[in-house]
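Counted the way our numbering counts, the sequence shown spans residues 460 to 779.
From the three backbone atoms N, C-alpha and C, an ideal C-beta is built for every residue, glycine too.
Bear in mind that the values here come from a model prediction, so they are computed numbers and not experimental data.
One structure below.
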Amino acid sequence: MASAPTELTIRPLTGPQELGLFRRLSYVLDHELVEDLESGRRRPEWMWVALRGERVVARIAWWSRDGGTPQFLDIFDLDDSLPEPERGEAGLRLLEAATSAVVPAGAPRPEYGRYVPSDWREDPAARDVVEARIRVMERSGARMLVERLRLEWRAGTPVPADSGRLRFRPVEGREDLLALMTPVMEGTLDAHGRADLESGLGTREAAEKHYDEELAGYATPREWWRIAELPDGGPVGFVIPARNDYNPIIAYIGVLPDWRGHGYIDDILAEGTRVLAAQEGTERIRAATDLGNVPMAKSFERLGYVNFERAFDMVWDSDS
């Protein structure tokens, strides 16, 4: 007769010295953990493990840009050698116990995001890994918000010269950009933007939320940000080249509704790519777009960006 499994122990790390314990399970973000802890983007008390004896059977961690409160749940791993339902039960117990301790009472649960292989649906082993985590999240009340393409421009990839169809100028301040971000929210194909609108925010409020929660946090020069205009001065769109804590990125790009379908997205993306490619030491530029945003995905492809990975985001509704 098989012996009963050892009792599950769920706890946070006691300090950075336990990073080796945390790394007994693995994920693509592991190489960032040391620097994240040193910078305060992660804290040991936000990094939890579930143990059976000395064996790590699940782990979880949150991330924050400023180290204040956890903003994203971006690591959640299970011991995939375990059978179901043991694997899922250990993961769910860890998720609920750690969330109760880490997320402040009354605050919404931070969004869960995970990077996954581009072919995860076709690869049985990868699909099992991805779906096991989705099942645990769904049991806790989360729902899938979006699947995204992760894209990368690599040094040496040709960048088209300026076509001359548009002229570009730096953004002149918050209001200058918000005046364009607001109409771009109309008919947006971005799932996060649509979710903000469906929650009751107006287009201006949704634009302000995106600016304040994401764009304002980038420390790279605002002089990189570009507004695209027709030769007569009428605005067409904008692009926000930036650098996050890890890579140069195309942080945001938009075309005004009246100018969609004219191919201007390629000109605007090329300008953002030129800005970043011109910076010393740029080896790659990262970007992402929703799987359903086909026009944007096609533009990245035409500019030589490679789809190297996918990602999905899950959210908890306020009453979960």
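Element boundaries [alpha helix (DSSP H), containing residue i]
{"i": "R568", "result": "It is not in any alpha helix (DSSP H) - R568 carries neither H nor E in the DSSP assignment."}
{"i": "E742", "result": "Premise fails: E742 is in no alpha helix (DSSP H) and is neither H nor E."}
{"i": "V753", "result": "V753 to R761"}
{"i": "T662", "result": "T662 to E672"}
{"i": "A654", "result": "A650 to E657"}
{"i": "L488", "result": "Where L488 is concerned, there is no enclosing alpha helix (DSSP H), given that its DSSP letter is neither H nor E."}
Straight-line gap, residue i to residue j (C-alpha atoms, nearest Å)
{"i": "V605", "j": "G623", "result": "35 Å"}
{"i": "F627", "j": "A566", "result": "41 Å"}
{"i": "T732", "j": "P583", "result": "36 Å"}
{"i": "A509", "j": "G722", "result": "51 Å"}
{"i": "N766", "j": "D538", "result": "28 Å"}
{"i": "A666", "j": "A585", "result": "36 Å"}
{"i": "E760", "j": "A638", "result": "29 Å"}
{"i": "R421", "j": "W718", "result": "Nothing in the structure corresponds to residue 421, since the chain is present only between 460 and 779."}
{"i": "E657", "j": "Q476", "result": "44 Å"}
{"i": "M460", "j": "E570", "result": "Unreliable positioning characterises M460 in this predicted model, as indicated by a pLDDT of 41, which lies under 50. The coordinate reading is nonetheless provided below. Distance between the alpha carbons of M460 and E570 is about 42 Å."}
{"i": "R594", "j": "T528", "result": "26 Å"}
Enclosing beta strand (DSSP E) for residue i [first to last residue]
{"i": "T558", "result": "That residue, T558, is in no beta strand (DSSP E); its alpha helix (DSSP H) goes E545 to V561."}
{"i": "Y711", "result": "P707 to V714"}
{"i": "P694", "result": "P694 to R702"}
{"i": "V765", "result": "V765 to W775"}
{"i": "V493", "result": "From DSSP, V493 is part of no beta strand (DSSP E) but of the alpha helix (DSSP H) over L492 to S498."}
Selected residue, minimal CA-CA separation from residue i, among the options
{"i": "D671", "options": "A650, L656, L636 and G550", "result": "L636"}
{"i": "D525", "options": "A549, S498 and D587", "result": "S498"}
{"i": "R546", "options": "T641, R514 and L492", "result": "R514"}
{"i": "D533", "options": "W579, L554 and N752", "result": "L554"}
{"i": "I677", "options": "P569, A701 and L689", "result": "Before going on, a small fix: residue 677 reads as Tyr here, not Ile. Here the closest residue by C-alpha is A701."}
{"i": "S777", "options": "I686, G600, R745 and D536", "result": "G600"}
{"i": "L478", "options": "I708, D495, D578 and T465", "result": "D495"}
{"i": "Y711", "options": "W579, A585, D749 and L660", "result": "D749"}
{"i": "E730", "options": "E768, L689, W684 and D691", "result": "W684"}
{"i": "P707", "options": "I724, L735, G696 and E597", "result": "L735"}
{"i": "V516", "options": "E504, V493 and P542", "result": "P542"}
{"i": "E739", "options": "R502, E548, R769 and A614", "result": "A614"}
Nearest-angstrom Cβ-Cβ length linking residue i and residue j, presumed shorter than 8 Å
{"i": "A747", "j": "L610", "result": "6 Å"}
{"i": "E682", "j": "P629", "result": "5 Å"}
{"i": "I469", "j": "R552", "result": "6 Å"}
{"i": "T465", "j": "G512", "result": "5 Å"}
{"i": "R625", "j": "D726", "result": "The sequence given here places Leu at residue 625; Arg does not occur at that position. About 5 Å separates the two Cβ atoms, so the contact holds."}
Residue i at chain B interface by Cβ criterion, 8 Å
{"i": "F531", "result": "Absent from the structure: chain B. Only one protein chain is present."}
Segments of 3+ residues assigned as beta strand (DSSP E) that fall wholly inside the segment 580 to 642: 601 to 613 and 626 to 629
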